[in-house]
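Chemist:
Protein chains: 2
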Amino acid sequence: MTTLRLFQPEDWRSVWQILEPIFRAGETYPYSPNITEAEARVVWIDVPAATFVAVGDRGEVLGTYYLKPNQSELGAHVANCGYVVGEAARGRGVASTMCEHSQAEAVARGFKAMQYNLVISTNESAVKLWQRHGFEIVGTLPKAFRHTKLGYVDAHVMYKWLDMAIVK
Amino acid sequence: MTTLRLFQPEDWRSVWQILEPIFRAGETYPYSPNITEAEARVVWIDVPAATFVAVGDRGEVLGTYYLKPNQSELGAHVANCGYVVGEAARGRGVASTMCEHSQAEAVARGFKAMQYNLVISTNESAVKLWQRHGFEIVGTLPKAFRHTKLGYVDAHVMYKWLDMAIVK
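Line order of the protein sequences matches chains A and B.
Oh and the first sequence: position 95 is 95 in the UniProt record's numbering, straight run, nothing missing.
Oh and the second sequence: position 119 is 119 in the UniProt record's numbering, straight run, nothing missing.
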């Protein structure tokens, strides 16, 4: 079973182990593949309003996501999240669980909508997953992401209005 | 004639006089209508890679824009700009001049594209202006902006690939 809880400082080592290979790969997040651990902690922990971890039965960290307002005050009713699942925990529905949790959490915190600003088009499983969770591709940014292996690729802006009952 | 040059610290008083009524109105930018002068200086001057002023024949500041990368490293080839024209200088083509200048400046700095993340749909003159300058509405975010007078209104994501000769 996967449980979601707020990030605690002692989780950082596990969270960084999950984030590092994803950021280094440069295929799904825009951060520099040479990002330092300290810089990663700023973007994933310090800047967001909240960061969560998905933990397994033995308390092991399976994945993590952050939640923050996507814009300043007059756009701050739209949330933004980023999700990463550890390589060892793929295929177990952890991303889905985090996506559902993040929507409920966003609603609980008063957000009205959620936006993903840069869903890399080549990350097809993510695009499909967010679509299954009710997110729509509202637009596609031509060549907006410089993929480390594929060069310039398109990225999608995905969006969902959350003004509805969330089934947890 | 309108001339564009880099912002200098002594321009701040004039720039803030231009920004303040626009930010206070809360109709086109997401910053809090209660933003302080110090906060405005951070978002308009400190955070961006560069800020420019448009000046008239007598050296008076007519408008201002900022230029910055829209995303981290792997999305940092896409620029983002924000433009404000002083109320006294409306209808003189200052926004057009700044838009053209910003594209040339972005290309000169190595950017490949430009993105506006939150063009408020009710700001129709701005939408049309950016379209005339080659920007496309790549997507519309439903109710993503809380307009101080109109409530939740749609916002557009606009985008232009700059890989072309820019006629100045």
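Note that the Cβ used here is the ideal one computed from N, Cα and C, for glycine as well.
The structure presented is a predicted model; accordingly, all values stated were derived computationally and were not measured.
Using only CA atoms, which one of A:Y116, A:L67 and A:A95 lies nearest to A:V107?
Modeler: Residue A:L67 is the option with its Cα nearest to A:V107.
Chemist: Below 8 Å on the Cβ atoms is my guess for B:L74 versus A:P30; work out the distance and round it to an integer in Å.
Modeler: About 4 Å; that satisfies the 8 Å criterion.
Chemist: Can you look up B:L150 in the DSSP assignment and give me helix, strand or coil?
Modeler: In this structure, B:L150 counts as coil in the three-state DSSP scheme.
Chemist: Residues of chain A with CB closer than 9 Å to the CB of B:V85, please, in chain order.
Modeler: Under the 9 Å cutoff, chain A gives no residues; its nearest Cβ is about 20 Å from B:V85.
Chemist: Please list, in chain order, all residues of the same chain as B:W161 whose beta carbon is under 8 Å from its beta carbon, the five residues on each side excluded.
Modeler: Around B:W161: K112 and A113.
Chemist: Looking only at its own chain, which residues have a Cβ that is under 7 Å from the Cβ of A:P48, when we skip the five neighbours before and after it?
Modeler: Within the same chain, A:P48 has close Cβ partners Y66, L67 and K68.
Chemist: Would you mind stating whether A:F52 and A:L129 have Cβ atoms separated by less than 8 Å?
Modeler: No, they are not a contact pair.
Chemist: What is the DSSP secondary structure of B:F111, counted as helix, strand or coil?
Modeler: Reduced to three states, the DSSP call for B:F111 is coil.
Chemist: Closest by CA to B:K149, which one among B:T2, B:W16, B:P9 and B:T28?
Modeler: It is B:T28 whose Cα lies nearest to the Cα of B:K149.
Chemist: Taking three-plus beta-carbon pairs below 8 Å as touching, is the region 132 to 145 of chain B in contact with the region 86 to 103 of chain B?
Modeler: At 8 Å Cβ cutoff, the stretches touch.
Chemist: What does the Cβ neighbour count give for B:L6, buried or exposed, with the cut at 16 atoms within 10 Å?
Modeler: Label assigned to B:L6: exposed.
Chemist: Using alpha carbons as the reference points, say which of A:I120, A:L118, A:Y116 and A:A79 lies closest to A:A104.
Modeler: The shortest C-alpha separation from A:A104 is found at A:A79.
Chemist: Would you identify the three-state DSSP class for B:H156, choosing helix, strand or coil?
Modeler: DSSP places B:H156 in strand when its eight states are reduced to three.
Chemist: Return helix, strand or coil for B:V167, following the three-state DSSP convention.
Modeler: Note that B:V167 has pLDDT 48, beneath the 50 cutoff, so the model's placement of it is unreliable and the number below is only indicative. DSSP places B:V167 in coil when its eight states are reduced to three.
Chemist: Please state if the CB of B:L141 and the CB of A:V138 are separated by a distance shorter than 8 Å.
Modeler: Against a cut-off of 8 Å, the Cβ pair of B:L141 and A:V138 comes out as a contact.
Chemist: Between A:Y116 and B:E20, what straight-line distance do the alpha-carbon atoms span, to the nearest angstrom?
Modeler: Approximately 30 Å between the Cα atoms of the pair.
Chemist: Going along chain A in order, which residues have a C-beta closer than 8 Å to the C-beta of B:V78?
Modeler: Within 8 Å Cβ-Cβ: L141 and A144.
Chemist: Can you tell me the Cβ-Cβ gap for B:S125 and B:A155, rounded? I've got them flagged as a contact below 8 Å.
Modeler: The Cβ separation is near 15 Å, so there is no contact.
Chemist: Whose C-alpha, out of A:W44, A:Q71 and A:R146, is nearest the C-alpha of A:P9?
Modeler: Comparing Cα positions, the closest option is A:W44.
Chemist: Quick one: residues in its chain with C-beta nearer than 6 Å to the C-beta of A:K143, no 5 flanking neighbours on either side, listed in chain order?
Modeler: Contacts found: Y152.
Chemist: Ends of the beta strand (DSSP E) at B:R58?
Modeler: Taken as a continuous stretch (DSSP letters only), B:R58 belongs to no beta strand (DSSP E), as it is neither H nor E.
Chemist: In the DSSP output, what is A:N80 paired with across the bridge?
Modeler: Bridge partners of A:N80: A:K68.
Chemist: Strictly below 8 Å CB to CB, what residues from chain A border B:E124?
Modeler: None at all; the shortest Cβ gap to chain A is about 18 Å.
Chemist: Give the secondary structure of A:I120 by DSSP, where H, G and I count as helix, E and B as strand, and everything else as coil.
Modeler: Reduced to three states, the DSSP call for A:I120 is strand.
Chemist: Measure from the C-beta of B:A113 to each C-beta in chain A and report whether the shortest distance is under 8 Å.
Modeler: Taking Cβ atoms only, chain A reaches closer than 8 Å to B:A113, which makes this a yes.
Chemist: Do A:F23 and A:A40 have their beta-carbon atoms positioned less than 8 Å apart in this structure?
Modeler: Yes, they are a contact pair.
Chemist: Taking B:G26 as the query, report the chain C residues whose CB atoms sit under 9 Å from its CB, ordered along the chain.
Modeler: Judged by its chain identifiers, the structure shown contains no chain C, and its protein chains are A and B.
Chemist: Quick test of your reading: B:I18 and B:G86, contact by CB under 8 Å. State the CB separation rounded to the nearest angstrom.
Modeler: That belief holds up - the Cβ atoms of B:I18 and B:G86 are roughly 4 Å apart, short of 8 Å.
Chemist: Would the beta-carbon of A:S72 fall within 8 Å of that of B:S32?
Modeler: Yes, the Cβ-Cβ distance between A:S72 and B:S32 is below 8 Å.
Chemist: Sort out for me which residues DSSP pairs B:E20 with in a bridge.
Modeler: DSSP, once it has assigned bridges, lists no residue as partnering B:E20.
Chemist: Are the CB atoms of A:D46 and A:M1 within a distance shorter than 8 Å?
Modeler: Their beta carbons are not under 8 Å apart, which means A:M1 does not touch A:D46 by this criterion.
Chemist: Could you spell out where the beta strand (DSSP E) holding A:R5 opens and where it closes?
Modeler: First-last of the beta strand (DSSP E) with A:R5: T3 to L6.
Chemist: Is any beta-carbon of chain B found at less than 8 Å from that of A:L19?
Modeler: So, not an interface residue.
Chemist: Can you look up A:L162 in the DSSP assignment and give me helix, strand or coil?
Modeler: In this structure, A:L162 counts as coil in the three-state DSSP scheme.
Chemist: Would you please verify whether the beta carbon of A:L118 is less than 8 Å from any beta carbon of chain B?
Modeler: Interface residue, yes.
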